[in-house]
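Participant: According to mature numbering (1 follows the signal peptide of the UniProt record, and there is no 0), the stretch in the sequence shown is residues -26 to -1, 1 to 457, in order. Ideal Cβ placement from N, Cα and C applies to all residues, glycine included. In this text, all values refer to a predicted model and were calculated from it rather than measured experimentally. Sending over a structure as structure tokens; questions will come in a sec.
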Amino acid sequence: MRTLRTALVLLLAAIGTAAVVTEAQAATVTPGTPYVLVNRNSGKALDVYNLATTDGAAINQYARNDGAWQQWKFLDSGGGWYRVQSVHSGKVLDLPTSADGVQLVQNTDRNDARQQFRLADSAGGLVRLINRSSGKALDVWEWSTADGAKVSQFQDLDGANQQWQLIALGSAARTFTNPIKRNGPDPWLQYYNGYYYLATTTWNSTITMRRSTTLAGLASAADQVVFNLAGRANGCCNMWAPEFHLLNGRWYLYYVAGQNVSDYNPTQRLHVLESSGSDPMGPYALKADLGGDWQLDASVLKVGSNLYLMGTYGGDGAGQSNFIQRLTNPYTLSGSRVRLSSPTLSWERQTGAVNEGPEPLYRNGKVMVVYSASACWGPDYKLGLLTLTGTDPMNPAHWTKSPNPVFQRSDANSVFAPGHNGFFKSPDGTEDWIVYHANDSAGGGCDMNRSTRAQKFTWNADGTPNFGTPVRLGVTLTAPSGE
């Protein structure tokens, strides 16, 4: 392809026609307004690759999703020149040298010629971005149409791979796209005092949380360490499934962690932290170890004035099952645990026989538990439903299991293994939302590649949730009501 480019340049020179270097005339931008830049040839958007925030990080192309890492603001440098600033990182586009093929990167704003661009008009209202230092145009290298393809510079030929559509993002209706966190398995999300708070599995020795005033903003928000497990007997390398619940004016953060051994899974144990105040981000102190055997996926069920700890256990011969146990307070267990559900149905036993991740859901006095079923390392991980049809949560006979899954894979939307969910309300309290993780291929595993997604759900006439179909990544969704 480089040979083809060179031949074209020579041909233009041979016939006495200079390469197109049209001065910007009609092309205009509004400084401070966020734009998405979509390449004409590939249809992909200019993207801070892998959500990087560091100097020197690559700027490539990726399928348009309108995330903050694909939003750019034009900062006026005077004389028709602009720096192009990432909304995600705050850094600006930079071409380190004048060479053809140099990787376009982001760097701290120096406002020098390597970081300044002018807009040159192309047909159909598209523009080229011409670098002030090199005089060359931003160029999707080798005319690639692939996600992750390099963006560079080349002599301004006004080719389709050098032409960009500027799409101004309006502010009338807030939107977002999934994922709201890449590499975010086992998500727990709450809206509290004007912020969304999100914690996910880290698989290391830290518990982290991020927050944002908008759901879309979570995608680019920084993870902050709220508790470090290093040095604890059950604190090394594999923190899973954090959940934080506001109980009696304080936040209680439940998590799973184990030992640094080759077969870490049998060492996983439940623990709970307590906040010193009402801030979901802490500070936190260790409050209690919850049980001395293998357990996963703690959550808290409230029925009347009573609290119950729900979790997952596999030591009674019935397969990996969900259990329930009384709590005298958010950190003290009472009595024996009772099996809440086991993988008895065929759709709960695909790839592996599993019930796990029980999560409470309440609606008009109805008490429900939504749980994950089948193996998380297979594509058929999904959600099931239990409903409290009696009066005693500790009596298994008082729970009724739905015969069919309530949320499962969508091959048409390339969503696989959707599960390990939580629930949250919109800022104005009028909408119900589900947060969950999923894979975007059938070959995805039970690891950190799972991403956090969210979508609104409704209710059936019988009072059960209608979660609908998992939405494809990159689809523009209306943000929760009240943002």
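On the DSSP letters alone, give me the boundaries of the beta strand (DSSP E) that residue 248 sits inside.
Facilitator: Segment 243 to 249, the beta strand (DSSP E) holding residue 248.
Participant: Would you mind sorting residue 143 into buried or exposed? The rule is 16 or more other CB atoms within 10 Å of its CB.
Facilitator: Under this definition residue 143 is an exposed residue.
Participant: By the three-class DSSP mapping on this structure, what secondary structure does residue 305 have?
Facilitator: Three-state result, residue 305: coil.
Participant: If you drop the 5 nearest sequence neighbours on each side, which residues of the same chain put their C-beta closer than 6 Å to that of residue 156?
Facilitator: The residues are 425.
Participant: Classify residue 457 as buried or exposed, calling it buried when 16 or more other Cβ atoms lie within 10 Å of its own Cβ.
Facilitator: With 16 or more other Cβ atoms within 10 Å, it is buried.
Participant: Rounded to a whole number of angstroms, what is the C-alpha to C-alpha distance between residue 406 and residue 189?
Facilitator: So the alpha carbons of these two residues sit roughly 14 Å apart.
Participant: Give me, in chain order, the residues of the same chain whose beta-carbon lies closer than 7 Å to that of residue 471; leave out the 5 immediate sequence neighbours on both sides.
Facilitator: The structure shown does not extend to residue 471, since the chain is modelled only from -26 to 457, so the question has no answer here.
Participant: Quick one: residues in its chain with C-beta nearer than 7 Å to the C-beta of residue 323, no 5 flanking neighbours on either side, listed in chain order?
Facilitator: Excluding sequence neighbours, residue 323 sits near 317, 348.
Participant: To which residues of the same chain is residue 384 closer than 7 Å at the C-beta, ignoring the five residues directly before and after it?
Facilitator: These residues qualify, in order along the chain: 443, 444.
Participant: Can the beta-carbon of residue 356 be found closer than 9 Å to that of residue 379?
Facilitator: Yes, the Cβ-Cβ distance between residue 356 and residue 379 is below 9 Å.
Participant: Among 111, 82, 159, which has the Cα closest to the Cα of residue 74?
Facilitator: Cα-wise, what sits closest to residue 74 is 111.
Participant: Which same chain residues, not among the five before or five after residue 376, have their C-beta less than 7 Å away from its C-beta?
Facilitator: Correct list, in chain order: 358, 359.
Participant: Quick test of your reading: residue 117 and residue 105, contact by CB under 8 Å. State the CB separation rounded to the nearest angstrom.
Facilitator: About 19 Å separates the two Cβ atoms, so there is no contact after all.
Participant: Since residue 255 contacts residue 294 with CB under 8 Å, what's their CB separation in whole angstroms?
Facilitator: Between residue 294 and residue 255 the Cβ distance is about 32 Å, and since that is not below 8 Å, they are no contact.
Participant: By how many angstroms is the C-alpha of residue 168 removed from the C-alpha of residue 453?
Facilitator: Roughly 14 Å separates the two Cα atoms.
Participant: So, does the segment 414 to 434 touch the segment 364 to 371, judging by three or more C-beta pairs under 8 Å?
Facilitator: No, the segment 414 to 434 is not in contact with the segment 364 to 371.
Participant: Excluding the 5 residues flanking residue 4 on each side, which residues of the same chain have their C-beta closer than 8 Å to its C-beta?
Facilitator: Here the set comprises 48, 142.
Participant: Mapping DSSP to helix, strand and coil, what is residue 460?
Facilitator: Nothing about residue 460 can be reported from this structure: the residues present for the chain run from -26 to 457 only.
Participant: How many Å lie between residue 25 and residue 62 at the Cα?
Facilitator: Straight-line Cα distance between these residues: approximately 8 Å.
Participant: How close, in whole Å, do the beta carbons of residue 85 and residue 51 come, if the pair is a contact with beta carbons under 8 Å?
Facilitator: Their Cβ separation, rounded to whole angstroms, is 6 Å, which keeps residue 85 and residue 51 in contact under 8 Å.
Participant: What three-state label does DSSP hand residue 53 in the structure shown?
Facilitator: Coil, per DSSP.
Participant: Residues bridged to residue 355 by DSSP?
Facilitator: Beta-bridge pairing links residue 355 to no other residue.
Participant: Can you tell me the Cα-Cα spacing of residue -1 and residue 440, whole angstroms?
Facilitator: Low confidence applies to residue -1: its pLDDT is 44, below 50, so where it sits in the model is not reliable, and the reading given next is rough at best. Rounded to the nearest angstrom, the two C-alpha atoms are 49 Å apart.
Participant: Using only the alpha-carbon positions, how far apart do residue 206 and residue 66 sit?
Facilitator: Between residue 206 and residue 66, the C-alpha separation is close to 42 Å.
Participant: If we ignore side chains and look at the alpha-carbon of each, how far apart do residue 285 and residue 235 end up?
Facilitator: When rounded, the distance between both Cα atoms is 23 Å.
Participant: Answer yes or no: do residue 216 and residue 226 have a C-beta to C-beta separation smaller than 9 Å?
Facilitator: Contact flag unset, no.
Participant: Leaving aside the five residues before and after residue 187 along the sequence, list all residues of the same chain whose C-beta is less than 7 Å from its C-beta, in chain order.
Facilitator: For residue 187, where only same-chain residues beyond five positions count, the Cβ hits under 7 Å are 168, 169.
Participant: Leaving aside the five residues before and after residue 404 along the sequence, list all residues of the same chain whose C-beta is less than 8 Å from its C-beta, in chain order.
Facilitator: Here the set comprises 455, 456.
Participant: Do you know how far the Cα of residue 69 is from the Cα of residue 80?
Facilitator: Rounded to whole angstroms, residue 80 to residue 69 spans 8 Å at the Cα level.
Participant: What does residue 263 pair with, by DSSP beta-bridge criteria?
Facilitator: Looking at the DSSP assignment, residue 263 forms a beta bridge with 245.
Participant: If you check the beta carbons only, do residue 469 and residue 90 fall under 9 Å apart?
Facilitator: In the structure as shown, the chain begins at -26 and stops at 457. Residue 469 is therefore absent and cannot be evaluated.
Participant: Which of the three DSSP states is assigned to residue 367 in this structure?
Facilitator: DSSP places residue 367 in coil when its eight states are reduced to three.
Participant: Taking 8 Å as the limit between beta carbons, can you name the residues of its chain near residue 262, skipping five residues before and five after?
Facilitator: Closer than 8 Å at the Cβ level, and outside the excluded window around residue 262, lie 245, 246, 305, 306.
Participant: Between the alpha carbons of residue 175 and residue 161, how many angstroms are there, rounded?
Facilitator: Going from the Cα of residue 175 to the Cα of residue 161 covers about 7 Å.
Participant: Should residue -26 go down as buried or exposed, given a rule of 16 or more other Cβ atoms within 10 Å for buried?
Facilitator: Confidence at residue -26 is low in this model, with a pLDDT of 42, below 50, so its placement is unreliable and no value can be given for it.
Participant: May I have the straight-line CA-CA distance separating residue 450 from residue 201, to the nearest angstrom?
Facilitator: Cα to Cα, the separation comes out at about 34 Å.
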